[in-house]
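First to last, the protein sequences are chains X and R.
So in the working numbering, spot 244 of the first sequence is number 266, and the numbers just go up one at a time.
So in the working numbering, spot 329 of the second sequence is number 354, and the numbers just go up one at a time.
A virtual CB, placed ideally from N, CA and C, is assigned to each residue, including glycine.
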Amino acid sequence: MVKYIIKRLLLCVLILFGVSVILYLLLRCVPGDYVTNKFTANPNVEMSEEKLEAMREIYGLNDDVFTGYFKWLFGNPATGTKGAILLDFGTSFVYDAPVSEVIADHMWISFALTLLSLVIYYPLAVYLGTRAAVKQYGAFDYATTVLTMVGISFPSFFFSAIIVKIFAFDLGWFDTSLGLNSTGLINPSGWELFTDTAWHLVLPVLVVVVLSIGSVMRYTRTNMLEVLSADYIRTARAKGLSERSVVYKHAFKNTMIPMVTVLAGILPGLFGGSMILEDFFAIDGIGRIAYNAMNQGDIPFVMGYNMFLALLTVIGMLLTDIMYVVVDPRVKITN
Amino acid sequence: MLFKKQQKTSTQGEENKPSRPKNSHYLTAKESREIAKSNAREMRKYEKRKRVKNVDESVYTCKMQDENNIVEFDDLHTYFFTDAGVSKAVDGVTFSIPKGATVGVVGESGCGKSVTSLSLMQLVQAPQGQIVGGSIRFNMGDKAYDITKMPTSEMRKIRGKNIAMIFQEPMTSLNPVFKIGYQLDEMSLLHNGCTKEEAKAHSIEMLKLVGIAAPERVYDCYPHELSGGMRQRVMIAIALSCDPRLIIADEPTTALDVTIQAQILDLLREIKDKIDGSIMLITHDLGVIAEMADYVVVMYAGRVIEAGTTAEIFHNPLHPYTIGLQKSKPVVKRKVERLYNIPGQVPNPIDMPDFCYFKDRCDRCIEKCNGEYPHFIQVSPTHRVSCYLYEGQEKGGSNE
Ligand SMILES: Nc1ncnc2c1ncn2[C@@H]1O[C@H](COP(=O)(O)OP(=O)(O)O)[C@@H](O)[C@H]1O
Ligand code: SF4
Ligand SMILES: [Mg+2]
């Protein structure tokens, strides 16, 4: 097992290397760099072409792609960075702080938001999917299918807009100023601050729940249907077991194998945040931070953030595989 | 004309269908909508009947025709409501299983053997598969139940306890995520209401009974850790666990290799003597039947076409299909040029002709065979056949 994990980790490093090459190439292909964006967009600041050139030199934007990548990976003595290979991703242009620090500062809010949603939608989706499979082609099945399909097909900004319009503007239940806290709080106590934040999280969490529940529900339903048609389910019925034991014991345990492994795969990704949603609700999570950085051509941050996402993804895949060994008695790692 | 000719070659054996002779493979959108609609209606009707609660026992209590029988199938009809139309998988099956006897059910694959046995357990794949007519009388000892009229909740008490089933595929018939011990214990916990310790002791005893050398070790194994033969032994142990009055073995050896087959058959014979129950042995292998069965029922396209004692069927087969089956059976020690093979194929169960179903493949057709489906002719008190060739040879009075 340990040997297997080490082997997988080495593979992960290889994947991450490939990802970084492609990412860097893409980023350097994007028209309009940080310096141009920042200093020429503002009509009040008159910058001479020489000055801009000098700024570009400072930010390392004059290096060709190859040199630039090399510096990113192995460090640049001129700026004192140690390079991505030593986990130093440099200093963010926009936030003027080490990339890893910015990420660490903002990922927890994103994590809290997505974890909270996950805790709500995952069990709910498994429950609904199971029910829908048991009553295949029944009214319940059709109803959940239609509703979840609607959820899947809505773009998140559109759905967020509808939700905010209905619950915040029309019904007035929520603060329309968005953000994580009300604007009018004067000297709030800890408890007040907590309930205020919680109340502000309701709408974003609702959006994530509605948008994510559909795919997990479909997945559960498909799995459950497959299991329910298996021979061992017929055996269980032939034993005289009640339909309840057949479904919720014999079938459910088999359905849970892929569900648990998928969950393990999702978990690391929760730190990645959601750009559109966080931006819409003005939540200072990592998604929003990255969105701004991206808009302004902040190469070190975007590189760092995307490497972070890639890392989360490969960890997720690794966890999925390890989870299979843990929950499925048939899967054993040999050699 | 050209079109018609092409059609003939492509739909061999179906061309004689009376109702939809042309474009029989294609359903128009309208036809298929109508099928879907009527299917939905029928399925709902039968499902509802099964789900009724608190049915009075008198509704499904009945009387056995012969108290010495454990099961009597009486004109059983089990249909599948499929998208292509109603498939008459079992279409008027009548036979009985005497107490303590082994009855072999033979026929080529797809003839409705499994569906007949699943009907007896009320395990036909719902909602598309439904028992639509006839009765299945099951002798409980002091009383008899008609299984076709029982609500599922009552049927559950009989499944596993009075009738147990062994399936064809030992590889997939055990739940992969539960240990053998758990799957065995479940039976006695459910039907005998004993404690966990008692259940475990009983399970280990059962594993010993089916010839498993290290029962304690197997008790803690997952199914994938056992070989096919071992798993089938475990299935038999599960089936035997509650002393059933009837064991249905649906092709119990088909998926196993030859040496293991012989062992499993020996085991079945052995335990039958021990438990004093009946066995309904389903197979397409006449050799297995010859070795194991007291009575034989030959099925073809959802119907029984011949039934009798094993001696009668083997030494005096009457129906051209039975004779064909015998010829197609490989015999050890006798060199045959080529295995005989009954030409043609089984008619489509969705659109059965109203004459003898075997006519298109029969080499002994007579004028009469164009008439309606042949009735049973009782050629001896135990032997009956449904074929026009034997008309006028009735003996011992017919009760069909
Ligand atoms: N779940 C099902 N849905 C539709 N048709 C079925 C189903 N199960 C069986 N049938 C039909 O019933 C007929 C009899 O099948 P079966 O009893 O399994 O044959 P066998 O004699 O090989 O055991 C077949 O023609 C098959 O097409
Ligand atoms: S009834 Fe006629 S067609 Fe059918 S099996 Fe007998 S001889 Fe053949
Ligand atoms: Mg079968």
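Proximal residues to S423 of chain R (C-beta, below 6 Å), its chain only, five neighbours per side dropped: The pLDDT assigned to S423 of chain R is 43, lower than 50, so where the model puts this residue is not dependable, and the model offers no usable value.
Identified DSSP bridge partners for R409 of chain R: R:A332, R:Q403
Bounding residues of the beta strand (DSSP E) (the contiguous stretch that carries P145 of chain X): Note, P145 of chain X: premise wrong, no beta strand (DSSP E); alpha helix (DSSP H) at 121-156.
beta-carbon K73 of chain R near ligand 3 non-hydrogen atom, thresh 7 Å: no
Selection from R:L281, R:I273, R:I272 that minimises the alpha carbon distance to M255 of chain R: R:L281
N- and C-terminal bounds of the beta strand (DSSP E) containing R162 of chain R: 154-164
Burial state of F293 of chain X, where buried means 16 or more other Cβ atoms lie within 10 Å: buried
Below-8 Å beta-carbon distance, T335 of chain X vs any chain R residue: no
Backbone CA spacing between M89 of chain R and K174 of chain R [nearest angstrom]: 15 Å
Whole-Å CB distance - I253 of chain R paired with I285 of chain R, under 8 Å assumed: Note on residue identity: the sequence assigns Gly, not Ile, to residue 253 of chain R. That belief holds up - the Cβ atoms of G253 of chain R and I285 of chain R are roughly 7 Å apart, short of 8 Å.
Exposure of S211 of chain X, with buried meaning 16 or more beta-carbon neighbours within 10 Å: exposed
Any non-hydrogen atom of ligand 3 closer than 7 Å to E276 of chain R Cβ: yes
Limits of the alpha helix (DSSP H) - the one that E222 of chain R falls within: It spans 221-234 - the alpha helix (DSSP H) in which E222 of chain R sits, taken as one unbroken run.
Three-state secondary structure assigned by DSSP to T53 of chain R: coil
Chain X within 8 Å of H216 of chain R, Cβ atoms only: yes
heavy atom of ligand 3 below 7 Å from K138 of chain R C-beta: yes
Within chain X, the residues that K182 of chain R reaches when beta carbons sit closer than 9 Å: G262
Proximity test, Cβ basis, 8 Å: F435 of chain R and chain X: The requested residue 435 of chain R is not part of the displayed model; chain R covers only 26 to 425.
Residue of X:Y254, X:T242, X:E265 minimising C-alpha distance to M278 of chain X: X:T242
Reduced DSSP category for A252 of chain X - H, G, I as helix; E, B as strand; rest coil: Secondary structure of A252 of chain X (DSSP, three-state): coil.
Cβ of P176 of chain R within 8 Å of any chain X Cβ: With 8 Å as the cut-off, P176 of chain R does not count as an interface residue toward chain X.
Beta-carbon proximity check, P176 of chain R vs K73 of chain R, cutoff 8 Å: no
Sequence-distant residues of the same chain with beta carbon closer than 7 Å to D268 of chain R, five excluded per side: I300
Q158 of chain X: CB within 7 Å of a non-hydrogen atom of ligand 1: no
N-terminal and C-terminal residue of the alpha helix (DSSP H) that H216 of chain R is part of: 205-216 is the extent of the alpha helix (DSSP H) around H216 of chain R.
Identified DSSP bridge partners for P123 of chain R: BP columns for P123 of chain R point to R:N94.
Neighbour-count burial assignment, T347 of chain R, 16 or more Cβ in a 10 Å radius: buried
Interfacial residues, the region 245-270 of chain X to chain R, with Cβ spacing under 9 Å: S251, A252, D253, Y254, I255, R256, T257, A258, R259, A260, K261, G262, L263, S264, E265, S267
Proximal chain R residues relative to P120 of chain X, where beta-carbon distance stays under 9 Å: By Cβ distance, chain R contributes nothing, its closest Cβ being about 47 Å from P120 of chain X, past 9 Å.
Span separating the alpha-carbon of G82 of chain X from that of A155 of chain X: 57 Å
Alpha carbon of S264 of chain X to alpha carbon of R181 of chain R, nearest angstrom: 7 Å
Paired residues, beta bridge with T284 of chain R - DSSP: DSSP, once it has assigned bridges, lists no residue as partnering T284 of chain R.
Top-ranked residue by Cα proximity to G236 of chain R, from R:R294, R:C390, R:G132: Checking every option, the nearest Cα to that of G236 of chain R belongs to R:R294.
C-beta neighbour in chain R for R352 of chain X, strict 8 Å: yes
Limits of the unbroken alpha helix (DSSP H) element including I185 of chain X: From DSSP, the alpha helix (DSSP H) with I185 of chain X extends over 178-185.
Inter-residue CB distance, C412 of chain R and L343 of chain R (contact presumed, cutoff 8 Å): 7 Å
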